[in-house]
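Worksheet: the structure to be examined is printed underneath.
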């Protein structure tokens with residue numbers, strides 16, 4: 034069974050976080066929803082989610098991927114938290130999967146783990162770099178780093194994660210089940 | 034300020050519930066996330082959300098709309114809970130807005146408040162009726178009853194609620210901001 038960690042910090046974007054968790058769990062992936070500061074986390078739109086654990090309590094040995102939801106509040110924490118930044122660097126060094134959507138590719142940029150080609154929420158590229166930025170794809174996969182654009186691309190982003198970790202058949206099944214014909 | 038209530042019962046579909054709450058709050062709509070059995074509710078994919086209040090504690094006088102997320106677990110509660118069913122009947126009688134997505138149009142059907150034309154998650158129409166069912170629209174609006182299909186239509190459904198309650202300009206702004214060009 035594949036295993037991913039979704040870190041949540043205060044101000045995370047709720048549609049993005051929940052789409053990743055929901056879709057990946059539908060695929061049978063073990064998803065650890067991990068609070069950075071606390072177990073009870075409040076999103077950018079005041080939706081309150083209770084995490085499964087704290088990020089600092091996770092044993093990352095068997096974790097296949099770290100996936101960051103967007104929202105500037107949460108992204109700023111992910112971009113400045115030393116523990117998160119070090120884990121991202123470790124994952125990159127160990128050639129493990131890393132993903133980020135919306136504002137969160139900025140947290141990957143801060144850790145120096147973003148590959149050449151990427152996407153993000155429009156205008157966030159001004160704080161990353163123009164070079165390699167694409168605005169005409171919902172999801173960009175460059176090596177083992179996946180990036181995506183915003184709330185309405187979150188299901189497509191999650192489905193790409195499913196395709197990488199669980200294969201094309203599970204991807205197609207879930208895409209149909211979610212009615213995500215636009216992905 | 035418009036005001037809506039989103040009732041959550043154990044087994045609710047998380048992408049649907051969170052999309053409705055998130056998008057409507059972005060529009061400035063007051064959203065009461067209301068637990069049916071308890072304040073802490075666990076969704077169909079084990080995502081734990083803390084509600085703002087209990088459904089039974091709400092004063093519905095100034096509430097403009099009740100919107101039901103799907104997921105069979107939650108829908109069965111919404112379809113059998115007397116308090117919820119009575120509120121839906123009151124809203125229909127008072128010509129107030131009612132919405133439901135995925136499996137939840139079944140709870141509207143049970144309350145006898147579904148209008149002629151509707152949509153729902155594929156196959157749920159077998160438990161409602163074939164007559165008036167449409168599978169070629171993401172959102173069906175018939176009078177003051179809105180219905181939609183599943184997780185990947187939840188943002189479009191939420192945007193239609195915004196258009197009705199807050200107008201076309203807010204709808205267009207949010208549609209752009211969410212990157213929901215497929216709606």
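Residue numbers (the numbering used here), protein chains in the order written: chain A, 34 to 216; chain B, 34 to 216.
Note that beta-carbon positions come from the ideal geometry of N, C-alpha and C, so glycine has one too.
Please tell me whether residue i has its Cβ less than 9 Å away from any Cβ of chain A.
{"i": "residue 190 of chain B", "result": "no"}
{"i": "residue 204 of chain B", "result": "no"}
{"i": "residue 160 of chain B", "result": "no"}
{"i": "residue 216 of chain B", "result": "yes"}
{"i": "residue 79 of chain B", "result": "yes"}
{"i": "residue 183 of chain B", "result": "yes"}
{"i": "residue 137 of chain B", "result": "no"}
{"i": "residue 73 of chain B", "result": "yes"}
Express the C-alpha separation of residue j and residue i in angstroms, rounding to a whole number.
{"i": "residue 183 of chain A", "j": "residue 159 of chain A", "result": "16 Å"}
{"i": "residue 163 of chain A", "j": "residue 119 of chain A", "result": "25 Å"}
{"i": "residue 97 of chain B", "j": "residue 199 of chain B", "result": "11 Å"}
{"i": "residue 175 of chain A", "j": "residue 147 of chain B", "result": "47 Å"}
{"i": "residue 171 of chain B", "j": "residue 94 of chain A", "result": "42 Å"}
{"i": "residue 189 of chain A", "j": "residue 63 of chain A", "result": "19 Å"}
{"i": "residue 113 of chain B", "j": "residue 141 of chain B", "result": "11 Å"}
{"i": "residue 57 of chain A", "j": "residue 100 of chain B", "result": "26 Å"}
{"i": "residue 78 of chain B", "j": "residue 55 of chain A", "result": "6 Å"}
{"i": "residue 81 of chain B", "j": "residue 86 of chain A", "result": "12 Å"}
{"i": "residue 130 of chain B", "j": "residue 35 of chain B", "result": "11 Å"}
{"i": "residue 89 of chain A", "j": "residue 166 of chain A", "result": "32 Å"}
{"i": "residue 144 of chain B", "j": "residue 61 of chain B", "result": "29 Å"}
{"i": "residue 152 of chain A", "j": "residue 136 of chain B", "result": "34 Å"}
{"i": "residue 195 of chain A", "j": "residue 134 of chain A", "result": "15 Å"}
{"i": "residue 128 of chain A", "j": "residue 122 of chain A", "result": "10 Å"}
{"i": "residue 150 of chain A", "j": "residue 76 of chain A", "result": "28 Å"}
{"i": "residue 39 of chain B", "j": "residue 132 of chain B", "result": "10 Å"}
{"i": "residue 215 of chain A", "j": "residue 211 of chain B", "result": "15 Å"}
{"i": "residue 213 of chain B", "j": "residue 91 of chain B", "result": "32 Å"}
{"i": "residue 157 of chain A", "j": "residue 139 of chain A", "result": "7 Å"}
{"i": "residue 124 of chain B", "j": "residue 111 of chain B", "result": "15 Å"}
{"i": "residue 168 of chain B", "j": "residue 37 of chain B", "result": "26 Å"}
{"i": "residue 154 of chain B", "j": "residue 72 of chain A", "result": "33 Å"}
{"i": "residue 59 of chain B", "j": "residue 203 of chain B", "result": "9 Å"}
{"i": "residue 44 of chain A", "j": "residue 161 of chain A", "result": "20 Å"}
{"i": "residue 41 of chain A", "j": "residue 185 of chain B", "result": "22 Å"}
{"i": "residue 109 of chain A", "j": "residue 74 of chain B", "result": "28 Å"}
{"i": "residue 207 of chain A", "j": "residue 177 of chain B", "result": "32 Å"}
{"i": "residue 187 of chain B", "j": "residue 83 of chain B", "result": "20 Å"}
{"i": "residue 173 of chain A", "j": "residue 179 of chain A", "result": "6 Å"}
{"i": "residue 197 of chain A", "j": "residue 105 of chain B", "result": "29 Å"}
{"i": "residue 193 of chain B", "j": "residue 193 of chain A", "result": "27 Å"}
If the cut is a Cβ gap below 7 Å, which residues of chain A does residue i touch?
{"i": "residue 52 of chain B", "result": "48"}
With a threshold of 16 other CB atoms inside 10 Å of the CB of residue i, please say whether the residue is buried or exposed.
{"i": "residue 103 of chain A", "result": "buried"}
{"i": "residue 116 of chain A", "result": "exposed"}
{"i": "residue 107 of chain B", "result": "buried"}
{"i": "residue 52 of chain A", "result": "buried"}
{"i": "residue 191 of chain A", "result": "buried"}
{"i": "residue 205 of chain B", "result": "exposed"}
{"i": "residue 209 of chain A", "result": "exposed"}
{"i": "residue 201 of chain A", "result": "exposed"}
{"i": "residue 126 of chain B", "result": "exposed"}
{"i": "residue 181 of chain B", "result": "buried"}
List the residues of chain A whose Cβ lies closer than 8 Å to the Cβ of residue i, in chain order.
{"i": "residue 131 of chain B", "result": "The contacting residues do not exist; residue 131 of chain B stays about 22 Å from chain A at best."}
Quick one: is residue i near chain B, going by C-beta distance under 9 Å?
{"i": "residue 66 of chain A", "result": "yes"}
{"i": "residue 186 of chain A", "result": "yes"}
{"i": "residue 144 of chain A", "result": "no"}
{"i": "residue 155 of chain A", "result": "yes"}
{"i": "residue 211 of chain A", "result": "yes"}
Identify the contact partners of residue i in chain B, using a Cβ-Cβ distance below 9 Å as the criterion.
{"i": "residue 126 of chain A", "result": "None at all; the shortest Cβ gap to chain B is about 31 Å."}
By the criterion of Cβ-Cβ separation under 9 Å, what are the contact partners of residue i in chain A?
{"i": "residue 121 of chain B", "result": "Residues of chain A passing the Cβ test: none, with the nearest at roughly 24 Å."}
{"i": "residue 55 of chain B", "result": "46, 47, 48, 51, 76, 77, 78, 80 and 184"}
Mind pulling the chain B residues with CB within less than 8 Å of residue i?
{"i": "residue 83 of chain A", "result": "73, 81, 82 and 83"}
Looking at chain D, is there any beta carbon in it that lies within less than 9 Å of the beta carbon of residue i?
{"i": "residue 104 of chain B", "result": "Absent from the structure: chain D. Protein chains present are A and B."}
Check your understanding: Is the stretch 47-56 of chain A in contact with the stretch 61-72 of chain B, if contact means three or more CB pairs nearer than 8 Å?
Key -> no
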